[in-house]
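Colleague: In the working numbering, the protein residues as written are 2 to 191. Backbone N, C-alpha and C define an ideal beta-carbon position, used for all residues, glycine too.
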């Protein structure tokens, strides 16, 4: 196994979290002691024992993805695109990327598309399979987060989606660093 010799640095950060949307906003929220946890508002949690969660609030997908495209994507993909746009701006990298073949996207997703699955199950139950949206699968597949980001930034390099529970994000960043360290890529979004 060869070892990487190239130095790897993080040059841009983009955050979409329950604390805030944006790196500076997150930092200020954390300094102010905000936890990001609160009563569940995304659905009726009254029948559940736990009624608190870390929800991303006040997120405008159309600020990062056009209205038409936003409708074809689940919210987790909106988050990936928003975080990527912020990180690219923070790193002063243009979109599209200047060297697509030397740019990769490795974005981990623990589990995506839950809202799409829930909506599709209800349509299937009440209206039948012929009423399912043709965008159902492209909205819910975890690998569509890095896929849509690759399309947006014009990347032609490696593109994949590690899925490993709570370690997912770390695996994405680690694999991106390995690809750069070993000389396979010059730029990676993770």
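#1: How about residue 13 and residue 81: do their beta carbons lie closer than 8 Å?
#2: With distances taken Cα to Cα, identify the nearest neighbour of residue 1 among 190, 168, 179, 65.
#3: Answer yes if the region 139 to 147 comes into contact with the region 109 to 120, meaning at least three C-beta pairs across the two stretches below 8 Å, and no otherwise.
#4: Report, in whole angstroms, the separation of the C-beta atoms of residue 27 and residue 38, which I expect to be a contact under 8 Å.
#5: Rounded to the nearest angstrom, how far is the Cβ of residue 85 from that of residue 150, given a contact under 8 Å?
#6: Using the C-alpha atoms, what's the distance from residue 109 back to residue 167?
#7: Taking its Cβ as the centre, do 16 or more other Cβ atoms sit within 10 Å of residue 4, making it buried, or is it exposed?
#8: Please report the distance separating the alpha-carbon of residue 43 from that of residue 58.
#9: Cβ-heavy atom distance between residue 137 and the ligand ADP below 7 Å?
#10: Look up residue 186 in the DSSP assignment and say whether it is helix, strand or coil.
#11: With a threshold of 7 Å on Cβ separation, who are the neighbours of residue 66 within its own chain once the five nearest residues in sequence on each side are excluded?
#12: What is the residue span of the alpha helix (DSSP H) that residue 78 lies within?
#13: Can the beta-carbon of residue 137 be found less than 8 Å from the beta-carbon of residue 122?
#14: Which term fits residue 96, buried or exposed, when burial requires 16 or more other beta carbons within 10 angstroms of its beta carbon?
#15: Under the three-state reduction of DSSP, which class applies to residue 169: helix, strand or coil?
#16: Could you tell me which residues DSSP puts in a beta bridge with residue 39?
Modeller: On the basis of the data shown:
#1: Position 12 of the chain shown, counted from the first residue, corresponds to residue 13. Position 80 of the chain shown, counted from the first residue, corresponds to residue 81. Not closer than 8 Å, so no.
#2: Here the chain has residues from 2 to 191 only, and residue 1 is not among them.
#3: Three or more beta-carbon pairs drawn from the region 109 to 120 and the region 139 to 147 are found closer than 8 Å, and the two stretches are therefore classed as touching.
#4: Translated into the one-based positions of the chain shown, residue 27 becomes position 26. Translated into the one-based positions of the chain shown, residue 38 becomes position 37. Not really, about 14 Å apart at Cβ, beyond 8 Å.
#5: Here residue 85 corresponds to residue number 84 of the chain shown, with the count starting at 1. Here residue 150 corresponds to residue number 149 of the chain shown, with the count starting at 1. The C-beta distance from residue 85 to residue 150 rounds to 5 Å, short enough to meet the 8 Å contact threshold.
#6: Along the chain shown, one-based indexing puts residue 167 at 166. Along the chain shown, one-based indexing puts residue 109 at 108. Those two C-alpha atoms are separated by around 10 Å.
#7: By one-based count along the chain shown, residue 4 stands at place 3. For residue 4, the number of other beta carbons within 10 angstroms of its own is below 16, and it is reported as exposed.
#8: For the purposes of this step, residue 43 is taken as the residue at position 42 of the chain shown. For the purposes of this step, residue 58 is taken as the residue at position 57 of the chain shown. C-alpha separation (whole angstroms): 9 Å.
#9: For the ligand ADP, the structure offers nothing, since it holds no ligand at all.
#10: For the purposes of this step, residue 186 is taken as the residue at position 185 of the chain shown. Here residue 186 sits in coil by DSSP.
#11: Here residue 66 is taken as the residue at index 65 of the chain shown, counted from 1. Excluding residues within five positions, the ones whose Cβ falls inside 7 Å are 74, 79, 82.
#12: What you label residue 78 is simply residue 77 of the chain shown in a count that begins at 1. Its alpha helix (DSSP H) spans residues 76 to 91.
#13: The sequence position of residue 137 within the chain shown is 136, counting from 1. The sequence position of residue 122 within the chain shown is 121, counting from 1. For residue 137 and residue 122, no; Cβs fall outside 8 Å.
#14: The residue labelled residue 96 in the question sits at position 95 within the chain shown. So residue 96 ends up on the exposed side.
#15: The count along the chain shown starts at 1 and reaches residue 169 at position 168. In the structure shown, the three-state DSSP call for residue 169 is helix.
#16: Against the chain shown, residue 39 aligns to sequence position 38. For residue 39, which the question treats as bridged, DSSP gives the partners 54.
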